[in-house]
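Chains U and P are the protein sequences, given in the same order.
First residue of the first sequence: 486, per the working numbering; consecutive thereafter.
First residue of the second sequence: 103, per the working numbering; consecutive thereafter.
Where a beta carbon is used, it is the ideal one built from N, C-alpha and C, also for glycine.
No experiment lies behind these values; they were computed from the predicted model shown.
Reading through the structure tokens given below for one structure.
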Amino acid sequence: MTNKDEVIVCRCADVKLSEIQELIKDGCTTLDEIKRLSRACMGQCQGKTCRNLIMQELSKAHSIPIEAIKPSRFRPPVVTISLGSLAEEDNHEK
Amino acid sequence: MKNKASVVIVGGGITGVAIAYELIKRGVKDIIVLEKNTLSSGATGRCGAGVRQQWGTEMNLKLSIGSVKRFETLQEELEYPHDIEFSQTGYFMPAYTEKQVEQFKKNITLQRKFGLHVEWLEPSDCRKVVPIIDLKGLMAATYYDKDGHLNPFHTTQAYAMACRRKGVDIELFTELIGIKTEHDSIKAAITSKGVIECDSIVNAAGGWSQIVGNMAGVSIPTYSERHQILITEPIEPLFRPMVMSFYHNFYTQQEPNGAIIMGIGDPNEPKEINVDSTYLFLQKMASVVTTVLPPLKHARVVRQWAGMYNMSPDKTPIIGKTQIKGFYLACGFSGHGFMISPMTSTLIAQMMTNEPLAIPEIETKLDLGRFERGELFVEPSVV
Ligand SMILES: Cc1cc2nc3c(=O)[nH]c(=O)nc-3n(C[C@H](O)[C@H](O)[C@H](O)COP(=O)(O)OP(=O)(O)OC[C@H]3O[C@@H](n4cnc5c(N)ncnc54)[C@H](O)[C@@H]3O)c2cc1C
Ligand code: FES
Chain U
486 MTNKDEVIVC
496 RCADVKLSEI
506 QELIKDGCTT
516 LDEIKRLSRA
526 CMGQCQGKTC
536 RNLIMQELSK
546 AHSIPIEAIK
556 PSRFRPPVVT
566 ISLGSLAEED
576 NHEK
Chain P
103 MKNKASVVIV
113 GGGITGVAIA
123 YELIKRGVKD
133 IIVLEKNTLS
143 SGATGRCGAG
153 VRQQWGTEMN
163 LKLSIGSVKR
173 FETLQEELEY
183 PHDIEFSQTG
193 YFMPAYTEKQ
203 VEQFKKNITL
213 QRKFGLHVEW
223 LEPSDCRKVV
233 PIIDLKGLMA
243 ATYYDKDGHL
253 NPFHTTQAYA
263 MACRRKGVDI
273 ELFTELIGIK
283 TEHDSIKAAI
293 TSKGVIECDS
303 IVNAAGGWSQ
313 IVGNMAGVSI
323 PTYSERHQIL
333 ITEPIEPLFR
343 PMVMSFYHNF
353 YTQQEPNGAI
363 IMGIGDPNEP
373 KEINVDSTYL
383 FLQKMASVVT
393 TVLPPLKHAR
403 VVRQWAGMYN
413 MSPDKTPIIG
423 KTQIKGFYLA
433 CGFSGHGFMI
443 SPMTSTLIAQ
453 MMTNEPLAIP
463 EIETKLDLGR
473 FERGELFVEP
483 SVV
């Protein structure tokens, strides 16, 4: 199984390597653009697993060092929390 | 970057790129779009991306109906190789007070005059459309199945790619820092990467529109207001339409992949540029949404973020000319600029190329001058 199309870059959001490469071809130069268009890095782990792989692709495609690529932001909450528990907290505070 | 252009558009959100597209489609050459960050980095990339036609005035009905017509065929028109994910899963708008019921009745009469088959739902019908809604306090609802949503990143990217193919220069990471005028006419755009001589500048700067206005000496009464939003993990399909309650001031929708997005307005939000997210929002949002749609208490929040509404004093967009020749405004969208962007961009392009306007009355109803004349626009159906 060395078919490039089958390589999954982001397991949480199910994004293939070929999709990332296509977006780079379409003109994306930053991780943020790729994240928004592909939903990679937007899964449960928020990119802890996939973002380095994508940064490597960007670095290769644009011949820039990986340190020059701005990592995307981690959005709160850092761990998932249910709406039910949040609502309870709100009711307690009232 | 070129140092000459016919038109410089400030802002790489949906409004800016759509205007560039409508202009080049009409044969205007030498267009440059300036974006200080990346495409969709402003409100566009942070928005709920809902598209509704259930409005309460002729103006907003015309803007939104015309835009939905364009969205239906936009992907083909722009020859976009990916999916802009336009889907018409409807908007469900519940009423909780007598006053809202009265208003919705008036709205629906007007909406039907415009050919929209909006449905009137008694409480007993509501669960057919939103099976998980709690009926407590619910007095009626309206539902229109041709409202919907689309993917804001892909829609912006689709316009941008079509623009680039046709020859528009989109300059990312390039900030407009000043505007040169002479005898009340636009002369040049001063950017962080050099000066561009030009005849026209379009202010499509979203939450920063008032700052760009000042650069040309035009005072725009818009201000920015933070709005927060969250998304949950994907769960089993529970409801299809966007649920939007004016009473609770929130909206929520389950996306095709099962994740649920939701946002709620905060009446105490200060007027300032701010995109921080807060824990308080999570609690407030959760408390309201689980009251109206109780099964959502099991959904788990994965991410939250915030964006800015660019508010105008009457919560209605400012689309039009200014006292400076060649300086155009497309701003103050007050939280619904995404859904009308096809019409906004068409109107600005028509204005700039002296074509007859698709909605002629915008010249006197949505212009900047209305605030000075004291002719505020009144739309009863905004959150
Ligand atoms: C949480 C939230 C939910 C929303 N939900 C909906 C919805 O469901 N439906 C809907 O229709 N609308 C919704 N909106 C509103 C919608 O997002 C906006 O009205 C719309 O995206 C405005 O697009 P724009 O292109 O005019 O502005 P923006 O997308 O904000 O773009 C302006 C751009 O200008 C750039 N810029 C600013 N100043 C300069 C400068 N000096 N030089 C260069 N570039 C500059 C910014 O970086 C920015 O990218 C929502 C907004 C928020 C915040
Ligand atoms: S692997 Fe991409 S978000 Fe988790």
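In chain order, Ile288, Ile303 and Ala318 place their CB closer than 6 angstroms to the CB of Phe429(P), counting only its own chain and leaving out the 5 sequence neighbours on each side. Tyr381(P) sits exposed, since fewer than 16 C-beta atoms from the chains shown fall within 10 Å of its C-beta.
Checking the 7 angstroms criterion, the Cβ of Phe275(P) is out of range of every heavy atom belonging to ligand 1.
A distance criterion of 7 angstroms places the beta-carbon of Gly528(U) in contact range of ligand 2, judged by its closest non-hydrogen atom. By the Cβ test, the stretch 442–451 of chain P is not in contact with the stretch 402–415 of chain P, since fewer than three Cβ pairs between them sit closer than 8 angstroms. Around the Cβ of Phe383(P), a 10 Å sphere holds 16 or more other Cβ atoms; the residue is buried. Residue range Leu516 to Ser523 is occupied by the alpha helix (DSSP H) that includes Asp517(U). By alpha-carbon distance to Gly296(P), the top candidate from Ala306(P), Glu481(P), Ile281(P) and Asn305(P) is Ile281(P). Within the stretch 381–396 of chain P, Leu384, Gln385, Lys386, Ala388, Ser389, Val391 and Thr392 place their CB atoms closer than 7 angstroms to a CB of chain U, listed in sequence order.
Per the DSSP secondary-structure output, Asp511(U) pairs with nothing in a beta bridge.
The beta carbon of Arg560(U) sits closer than 8 angstroms to the beta carbons of Gln531 from its chain, once the five residues preceding and following it are set aside; these are given in chain order. In the three-state DSSP reduction, Ser108(P) falls in the coil class, being neither helix nor strand. At a cut-off of 8 angstroms between beta-carbon atoms, Glu335(P) makes contact with chain U.
Residues of the stretch 524–547 of chain U that bring their beta carbon within less than 9 angstroms of a beta carbon in chain P comprise Arg524, Met527, Gly528, Gln529 and Gln531, in sequence order.
Within the stretch 190–206 of chain P, no residue places its CB atom closer than 7 angstroms to a CB of chain U. Around the beta carbon of Gly269(P), fewer than 16 other beta carbons lie within 10 angstroms, which makes this residue exposed. Leu571(U) reaches chain P at Leu384, Gln385, Met387, Ala388, Ser389 and Val403, counting residues in chain order whose Cβ is nearer than 8 angstroms.
Here Glu542(U) is actually not in contact with Ile566(U); their C-beta atoms are around 32 angstroms apart, not less than 8 angstroms. Rounded to the nearest whole angstrom, the C-alpha separation of Phe275(P) and Glu179(P) is 28 angstroms. Straight through space, the alpha carbons of Pro458(P) and Ile333(P) are spaced by roughly 42 angstroms. About 13 angstroms separates the beta carbon of His251(P) from that of Asp185(P), a gap too long to meet the 8 angstroms contact definition. When C-beta atoms of the stretch 310–327 of chain P are compared with those of the stretch 414–424 of chain P, three or more pairs fall below 8 angstroms, so the two segments count as touching. Sequence-distant partners of Asp517(U) (beyond 5 residues in either direction) whose C-beta falls short of 8 angstroms from its own C-beta, in its chain, are Lys555 and Ser557.
Placement of the Cβ of Ala290(P) at a distance of 7 angstroms or more from every heavy atom of ligand 2 is found. Counting along the chain, Glu204(P) sits inside the alpha helix (DSSP H) bounded by residues Glu200 to Lys215. The nearest non-hydrogen atom of ligand 2 is less than 7 angstroms from the C-beta of Ala525(U). Per DSSP, Ser169(P) lies in no beta strand (DSSP E) segment; the continuous alpha helix (DSSP H) that holds it begins and ends at Glu160 to Glu179.
The stretch 232–244 of chain P makes contact with the stretch 340–351 of chain P; the number of CB pairs closer than 8 angstroms reaches 3 or more. Gly476(P) sits exposed, since fewer than 16 C-beta atoms from the chains shown fall within 10 Å of its C-beta.
In this model, Ser226(P) and Pro233(P) are separated by some 11 angstroms (Cα to Cα). Going by beta carbons, Asn253(P) and Ala151(P) fall inside the 8 angstroms limit.
Under the DSSP assignment, Phe194(P) falls in the beta strand (DSSP E) whose first and last residues are Tyr193 to Ala197.
Among the residues of chain P, none has a CB under 8 angstroms from the CB of Glu552(U); the nearest is roughly 18 angstroms distant.
In summary, the residues of the stretch 130–148 of chain P whose CB is separated from some CB of chain U by less than 9 angstroms are Asn139, Thr140, Leu141, Ser142, Ser143 and Gly147, in the order they occur in the chain. Distance check between Lys127(P) and each of Cys265(P), Thr146(P) and Val377(P) places Cys265(P) closest, using alpha-carbon atoms only. In this structure, DSSP gives Gly129(P) a state outside helix and strand, which the three-state scheme calls coil.
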